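To start, the structure under review is shown below, and the notes come after it.
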Amino acid sequence: MKKIFRPTKKLKNKIGLPPGTPVYMGEREEKKIKITLIDYDEKNVIKKEISRIEECYLFKDKKSVTWINIDGIHDAELIKKVGKNFGLHPLTLEDIMNPRQRPKVEKFDDYIFIVLKMLSYEDEEENVSEEQVSLILGKNYVFSFQEKEGDIFNPVRDRIINGLGRIRKSGSDYLAYSITDIIVDNYFLILEKLGDKVEQLEDSLTGETNENRLQQIHSLKREMIRLRKSVWPLREMINSLEKSESPLIEKPTLRFFRDVYDHTIQVIETIETYRDMIFSMHDTYLSAISNRMNEVMKVLTIIATIFIPLTFIAGIYGMNFEFMPELKWRFAYFGVWGIMAAVALVMILYFKRKKWI
Amino acid sequence: MKKIFRPTKKLKNKIGLPPGTPVYMGEREEKKIKITLIDYDEKNVIKKEISRIEECYLFKDKKSVTWINIDGIHDAELIKKVGKNFGLHPLTLEDIMNPRQRPKVEKFDDYIFIVLKMLSYEDEEENVSEEQVSLILGKNYVFSFQEKEGDIFNPVRDRIINGLGRIRKSGSDYLAYSITDIIVDNYFLILEKLGDKVEQLEDSLTGETNENRLQQIHSLKREMIRLRKSVWPLREMINSLEKSESPLIEKPTLRFFRDVYDHTIQVIETIETYRDMIFSMHDTYLSAISNRMNEVMKVLTIIATIFIPLTFIAGIYGMNFEFMPELKWRFAYFGVWGIMAAVALVMILYFKRKKWI
Amino acid sequence: MKKIFRPTKKLKNKIGLPPGTPVYMGEREEKKIKITLIDYDEKNVIKKEISRIEECYLFKDKKSVTWINIDGIHDAELIKKVGKNFGLHPLTLEDIMNPRQRPKVEKFDDYIFIVLKMLSYEDEEENVSEEQVSLILGKNYVFSFQEKEGDIFNPVRDRIINGLGRIRKSGSDYLAYSITDIIVDNYFLILEKLGDKVEQLEDSLTGETNENRLQQIHSLKREMIRLRKSVWPLREMINSLEKSESPLIEKPTLRFFRDVYDHTIQVIETIETYRDMIFSMHDTYLSAISNRMNEVMKVLTIIATIFIPLTFIAGIYGMNFEFMPELKWRFAYFGVWGIMAAVALVMILYFKRKKWI
Amino acid sequence: MKKIFRPTKKLKNKIGLPPGTPVYMGEREEKKIKITLIDYDEKNVIKKEISRIEECYLFKDKKSVTWINIDGIHDAELIKKVGKNFGLHPLTLEDIMNPRQRPKVEKFDDYIFIVLKMLSYEDEEENVSEEQVSLILGKNYVFSFQEKEGDIFNPVRDRIINGLGRIRKSGSDYLAYSITDIIVDNYFLILEKLGDKVEQLEDSLTGETNENRLQQIHSLKREMIRLRKSVWPLREMINSLEKSESPLIEKPTLRFFRDVYDHTIQVIETIETYRDMIFSMHDTYLSAISNRMNEVMKVLTIIATIFIPLTFIAGIYGMNFEFMPELKWRFAYFGVWGIMAAVALVMILYFKRKKWI
Amino acid sequence: MKKIFRPTKKLKNKIGLPPGTPVYMGEREEKKIKITLIDYDEKNVIKKEISRIEECYLFKDKKSVTWINIDGIHDAELIKKVGKNFGLHPLTLEDIMNPRQRPKVEKFDDYIFIVLKMLSYEDEEENVSEEQVSLILGKNYVFSFQEKEGDIFNPVRDRIINGLGRIRKSGSDYLAYSITDIIVDNYFLILEKLGDKVEQLEDSLTGETNENRLQQIHSLKREMIRLRKSVWPLREMINSLEKSESPLIEKPTLRFFRDVYDHTIQVIETIETYRDMIFSMHDTYLSAISNRMNEVMKVLTIIATIFIPLTFIAGIYGMNFEFMPELKWRFAYFGVWGIMAAVALVMILYFKRKKWI
């Protein structure tokens with residue numbers, strides 16, 4: 000089962016280092032880091048992969064918007080270089096390298112630091128995995144750090160290159176918004192998958208009760224608890240971004256962030272609704288078990304209660320006493336049958352009155 | 000079972016489009032779109048169906064109040080034309096076409112954008128269905144967008160045409176209020192239906208316990224969870240509308256919005272109360288099952304506990320040992336009967352003392 | 000069972016009428032409406048029943064305080080006349096006639112509109128019934144509207160007529176306070192009745208468990224849910240009244256309203272406490288059922304587990320095989336008894352060790 | 000069982016009296032009222048019991064701090080005299096005599112009125128009893144009203160008389176603080192007693208399950224619910240006292256009230272923690288019952304399932320048909336034993352696989 | 000089992016002492032108190048153990064930052080000396096010596112008083128133990144008081160001595176931050192340990208159900224309740240520290256405190272998540288018990304219901320009546336077998352239809 004909340008192994012070594020020391024806290028991946036640079040203004044666009052971070056320094060003071068996407072956050076040297084050249088606070092560098100952050104926004108003088116959680120549904124494992132995305136929104140540049148290479152930002156890249164929408168006409172704040180927006184939009188896909196599961200489970204509730212169903216309910220609850228943990232801070236984060244009066248975010252862009260905020264609320268409400276439904280399903284499931292237990296018990300009770308007295312009567316006349324007058328009677332046998340039928344009848348009527356049969 | 004919260008199928012294609020791209024996100028309906036225009040002031044009223052949206056452009060700058068109702072939101076071209084002519088924000092257009100919005104209010108410079116959920120109870124399916132209504136409140140016009148044709152706004156139309164109440168003497172803000180009011184009033188009808196169901200269920204709680212009842216409780220819980228999800232944002236929405244200091248809403252009209260706000264609170268409180276009652280009913284139902292199980296078990300235990308020892312005694316004297324002195328005794332048989340009666344009596348007294356019988 | 004939250008039947012006809020149309024929404028009572036007028040200042044007091052509402056018009060501009068109490072709210076004409084003469088807002092008139100309002104306070108320029116719920120415990124039906132009281136607090140008059148005639152306000156009337164306390168020296172705000180106060184004080188009587196029931200139920204928890212007790216718990220929960228729904232809005236209402244800076248309420252009177260507020264909080268806390276206790280009682284009740292089931296099962300298991308093997312042994316030697324050597328042994332019968340005793344003993348020791356007996 | 004929340008009997012007579020009428024609402028105690036007066040400044044201290052309240056009038060305008068403690072609140076005349084001479088509001092007098100107040104603070108022009116609940120643990124009845132203490136904090140005097148004589152304030156008296164700490168150097172606000180502090184400190188003693196009970200119960204959870212334990216859990220829950228009701232308003236009360244900018248409380252004393260506030264929070268958190276633990280214990284207890292029921296059922300099922308088929312086989316060969324070929328076979332008897340052993344073995348293996356044994 | 004919330008034994012003697020009297024409230028440890036002094040500025044650093052508290056007085060007015068760490072809080076004389084020399088409020092001294100404080104921050108004119116809880120996981124006892132750390136943050140000094148000697152602050156000491164990070168360049172506020180930070184970082188280690196336990200328990204949920212598992216769930220719940228109690232006030236404490244506008248904390252250091260605040264939130268959210276998961280596990284566990292009980296009952300019912308009627312039939316023909324015609328029939332025996340097979344078959348088909356087998 001996947002570890003969820005457990006801090007990674009290196010935690011113990013990390014404690015005690017000076018705050019602001021960038022140390023990679025995720026699971027070390029030895030893959031090379033990939034740096035993609037897109038520089039654009041209304042008229043021109045450049046896209047290239049660069050191998051040394053130094054190549055992006057010269058874009059720092061260009062008027063055009065520069066987007067530097069870095070896949071892989073385990074290279075402390077690289078992060079430090081970025082930090083030094085772009086004037087980032089040590090705590091920012093530390094947070095970029097530590098994938099166990101909560102979503103948050105921090106305003107600095109020269110830039111805004113945004114931490115987001117990107118969720119993706121892993122079909123084969125049937126659960127939701129989480130990746131941290133950090134954004135540095137500067138005056139005319141945006142850094143995006145991902146834990147590993149992914150294709151989720153491609154639509155944004157396409158829009159820049161093809162000049163769709165207003166992205167080419169807008170500044171770095173709109174770019175940061177676009178990235179945030181596509182991450183939050185992805186949550187709806189996750190919710191869609193989980194929604195399917197919830198409804199599937201609900202449809203099968205009336206069927207047989209078994210441990211398997213119970214496992215499914217428990218694991219859905221678990222997913223919801225995890226999701227909630229990822230999404231709740233998002234709300235407050237986007238809210239504080241929206242309310243920030245940083246000059247880095249222009250007023251028209253704020254309306255777009257407000258739109259993302261609305262989506263976040265919608266995600267949260269949907270999660271809460273699913274959660275309520277799963278809890279209701281669990282209750283219903285438990286009641287269904289009780290109902291069936293009741294039914295099983297009734298069958299046992301009816302059969303046992305009818306036949307145990309009859310067997311006793313038969314047992315009586317199976318005794319071998321020498322002096323048992325009834326044994327000699329002519330119609331005793333049939334009489335006993337009669338008595339038995341009467342006993343059974345009384346029992347059945349009793350159960351009828353109790354509405355058990 | 001009806002899909003509730005699942006985003007529609009096209010979601011995947013939507014993600015990645017530039018924000019503000021109006022794309023229809025509901026289930027495509029090929030029915031033609033119907034546009035109804037009502038233009039009125041204190042003295043005159045015009046009502047007509049128009050076939051091309053361009054016909055309403057000339058009403059834009061007229062002093063009289065114009066209400067353009069559009070049934071059907073799947074025609075992106077039409078929405079775009081409205082947006083262009085009336086100066087609507089791209090995000091507004093996108094939201095109009097996406098029926099998965101939460102109720103909300105957005106203030107723009109020239110207009111207020113209102114999203115509402117219209118609920119209706121579908122008798123044959125026995126559940127509540129939801130439709131999105133978007134309102135654009137401009138200086139002297141109101142646009143209303145419905146997913147499909149409906150007759151819920153007819154009373155407002157009648158009041159305009161017949162000049163009842165103050166509607167003809169008031170501006171577009173009062174018209175927007177009237178539409179909001181009639182939508183919220185409709186919630187009471189839904190609550191009435193659900194209230195009937197809740198009380199019906201409560202009356203039948205004392206009857207027999209079966210899976211059917213459990214299903215009813217579960218499905219009522221489900222309806223309440225859904226309803227809550229629809230109605231909660233309404234409250235905050237009307238609240239923010241009421242608090243908006245937009246010049247588009249005049250002070251006397253604010254008092255009417257306050258009235259709608261009160262109704263919303265009342266709807267929410269009633270839903271919460273129903274919810275509490277249904278949960279209490281579920282608990283009571285569960286306890287009733289346990290009670291009955293207890294009763295079943297008692298019957299079984301009493302019968303089995305009395306007759307099993309007796310059958311054992313009968314079994315003893317049914318053994319075929321050659322040397323069993325009792326078998327020869329003259330009154331052994333009657334003695335055994337006596338012993339059995341005594342055992343049964345002891346058992347019965349024991350149960351009496353335990354208050355089982 | 001009493002309908003609680005269901006809107007009355009006429010709701011459907013009401014929807015669509017222009018807002019502010021006063022239409023009686025309660026159950027029609029054909030009894031004549033009774034109007035009582037009390038006019039007083041520090042020196043003089045007049046009390047009379049009037050038959051036509053017009054008789055009270057002339058008191059409108061008198062300096063003395065006038066209290067007009069109207070029992071019966073189904074006469075739209077009368078309400079309209081009052082509204083016209085005293086300058087009431089159409090929504091106020093509508094709310095007065097609709098007994099399904101939540102408690103609320105609305106400030107208007109010339110008057111404050113207060114809606115309250117008066118509770119009374121109906122002994123024969125053993126539940127709490129609810130009646131709406133609307134107050135109009137004007138500069139020197141108070142209107143009170145009740146659904147039906149009642150004697151709850153008599154102590155206030157007596158205090159006015161006999162000049163007890165400060166009521167004769169104070170203005171209309173103090174009169175409104177006195178009426179509110181006596182309504183809230185009544186809640187304590189209800190709580191006293193319900194408190195008796197709660198404690199009675201608690202005392203009987205340790206007794207036998209039956210469906211009847213379950214019904215009582217459920218119905219107490221139900222009453223608490225209802226009561227909570229009536230009382231919660233009261234708190235916020237009195238709070239907003241207290242905070243209103245309306246010139247109609249003078250500062251010394253505010254301290255009295257603060258006192259009512261404290262009482263409301265006390266009522267709410269008591270209801271919450273009862274609610275917690277009833278839920279705790281339900282849990283305890285459920286556990287008690289489980290405990291008893293356990294006990295029943297133990298008795299069954301002990302008896303069955305001891306005697307079933309013994310009966311089997313007896314059954315063995317009841318077989319009729321020709322060649323069964325044991326049957327011929329001299330002391331086989333007694334040996335079998337010995338074996339049986341040993342088996343029984345082992346079982347009993349086992350149960351002892353398990354602490355079942 | 001002790002009545003908890005029930006308003007006292009005289010409630011019915013009280014309703015309708017003019018607000019501010021001091022009427023004793025507790026259980027009448029005919030004991031004489033005891034008035035203790037302590038007057039002190041940094042240099043001198045006088046302590047005496049006085050028999051007539053008039054004796055304390057002359058201390059009103061003295062510069063030294065005067066503490067008048069009144070044990071017994073049933074003498075309306077005395078309370079009225081105090082009220083008249085020290086300028087107390089009628090509602091204050093009413094509240095002093097009514098021991099059913101919530102803890103609260105009310106600022107008046109000349110004094111602050113404080114209502115507190117003093118808790119004490121009654122060892123013999125094993126529950127917590129509650130007493131109301133009202134304080135009047137004036138410019139240089141403090142009145143304290145207790146329902147009955149008690150020794151809880153003695154440490155404060157000793158500190159005054161012996162000049163310990165800063166009390167003699169401080170004003171009446173510090174005296175009021177000292178009294179409040181000692182009342183809140185007492186709560187910790189109660190919590191200590193209840194904490195012992197909670198842990199005792201927890202230790203015994205793993206033992207046998209019986210109705211007695213259930214009673215203990217229920218009664219602890221009940222105590223917690225009561226305690227919470229007493230302590231919650233205290234928090235908000237001390238908070239409002241601390242925030243009051245009354246000139247009667249000097250700044251240095253505010254820090255001491257802040258300390259009391261911290262204690263109150265600690266009391267509340269401890270109560271909440273106990274509450275959570277008791278609920279968790281109840282759940283664990285319920286699960287333990289289910290576990291044991293399961294175990295009981297397994298034993299029954301194993302025994303019954305093995306022996307019922309065997310008994311059936313024995314029954315077969317106990318039939319008396321004339322033509323039963325097996326009966327004549329030489330080794331039939333032993334063969335039957337073999338079959339029985341095989342059946343038993345199969346059953347046992349089945350249970351082993353199911354992990355029941 | 001460890002006492003958790005119980006105030007220590009001396010509580011009773013403490014009540015009544017003048018507020019601000021420093022009295023040791025923990026369990027007396029007779030070990031000598033250890034005082035460690037570190038004095039540093041950017042260039043120099045002194046570290047020494049001092050035996051008499053007086054030795055640190057001369058550092059009070061030095062410009063360099065002085066950190067005095069005192070292990071052991073049971074020496075009232077020492078604390079009083081510190082208090083006198085450094086101008087501490089009596090309540091501060093009292094709180095330092097009382098290890099039962101909640102985490103809190105108190106601003107005084109000359110210093111900030113901080114109370115923290117240091118948690119450590121005790122491996123052998125398998126539970127979390129708590130120690131109080133008090134900090135006095137003055138202009139250029141920090142006092143830290145621990146209940147007993149520990150090595151948790153060593154990394155901070157190393158950083159000072161080796162001049163790592165910015166600590167040597169910063170003031171006493173940064174030192175206070177560093178100490179707070181290392182304490183909060185430690186919480187993650189605790190969470191790691193508890194997280195392991197939670198996941199271990201979750202993995203074993205599907206295994207067998209026994210009392211042991213129940214004990215584990217209960218004790219994990221208990222730990223979570225305790226942890227929550229320790230960590231919740233931390234949040235509000237660090238928040239108030241961050242918001243304090245004390246001149247003692249410079250602006251750049253505030254950002255670091257903000258970082259600690261984020262960690263605290265993360266700790267709280269993780270605890271809440273674990274708590275939700277443990278509750279969900281308990282529910283699942285309970286349902287699993289019910290499921291298995293159901294299975295057990297089914298086996299019993301199937302076996303009993305098939306064989307009890309068959310045994311009855313066998314019993315019939317084991318009766319010894321002289322006149323039982325069937326006994327003489329040629330194929331009666333085989334006929335009976337046939338009837339029995341038919342009965343068994345019917346039963347089996349019935350169970351098949353019920354989906355029990």
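Residue numbers (numbering that gives the first Met the number 0), protein chains in the order written: chain A, 0 to 356; chain B, 0 to 356; chain C, 0 to 356; chain D, 0 to 356; chain E, 0 to 356.
Using N, Cα and C, we set each Cβ at its ideal position, and we do this for glycine too.
Quick caveat, the model's predicted, so the values are computed rather than measured.
Against D/ASN319, the close residues of chain C are ASN319, in the order they occur along the chain (beta-carbon pairs closer than 8 Å). In the three-state DSSP reduction, D/SER245 falls in the coil class, being neither helix nor strand. For the pair A/LEU285 and B/PRO17, the CB atoms are not nearer than the 8 Å cut-off. Within the DSSP secondary-structure output, A/PHE142 pairs in a beta bridge with A/ILE67 and A/ILE135. Only residues of its own chain outside the window of five on either side were considered, and among them PHE350, TRP355 and ILE356 have a CB closer than 7 Å to the CB of D/ILE301, listed in chain order. Within the region 146 to 171 of chain C, the residues whose Cβ lies closer than 8 Å to any Cβ of chain D are, in chain order, ASN153, PRO154, VAL155, ASP157, ARG158, LEU163, GLY164, ARG165 and ILE166. A straight line joining the alpha-carbon of B/LEU174 with that of B/GLY82 spans about 20 Å. A straight line joining the alpha-carbon of E/GLU222 with that of D/GLY314 spans about 58 Å. Under a criterion of Cβ atoms nearer than 9 Å, the residues of chain B adjacent to A/ARG254 are, in order, HIS88, LEU90, GLU105 and PHE107. D/GLU48 sits in a strand when the DSSP states are folded into three classes. The beta carbon of B/GLU130 lies closer than 6 Å to those of MET117 and GLU146 in the same chain, with the five residues before and after it left out.
At a beta-carbon threshold of 8 Å, the residues of chain E lying near D/SER289 are LEU285, ILE288, SER289 and MET292, ordered along the chain. The closest CA to that of C/ILE111, considering only C/THR35, C/ILE248 and C/ALA340, is found on C/ILE248.
By the Cβ rule, the region 77 to 93 of chain E counts as touching the region 124 to 142 of chain E, because three or more pairs are nearer than 8 Å.
Pairing A/ASN68 with A/MET24, the inter-Cα distance amounts to about 20 Å. Look at B/MET24 here: in three-state DSSP terms it is coil, with no helix or strand label. Only residues of its own chain outside the window of five on either side were considered, and among them SER128 have a CB closer than 6 Å to the CB of D/SER119, listed in chain order.
Each of D/ILE34, D/ARG167 and D/ASP282 was checked against the Cα of D/GLU53, and the nearest Cα belongs to D/ILE34. Contact note: D/TYR316 reaches chain C through MET318, ASN319 and PHE320, using a C-beta cutoff of 8 Å and chain order. Between E/GLU76 and E/THR20, the C-beta spacing is not below 8 Å. By the rule that beta-carbons nearer than 8 Å mark a contact, E/ILE78 does not touch chain A.
Taking a contact as a CB-CB distance under 8 Å, the pair A/ASP184 and B/ILE95 does not count as one, their CB atoms being some 18 Å apart. Inclusion of D/LYS30 and D/SER245 in the CB contact set at 8 Å is not warranted, their separation being larger than that value.
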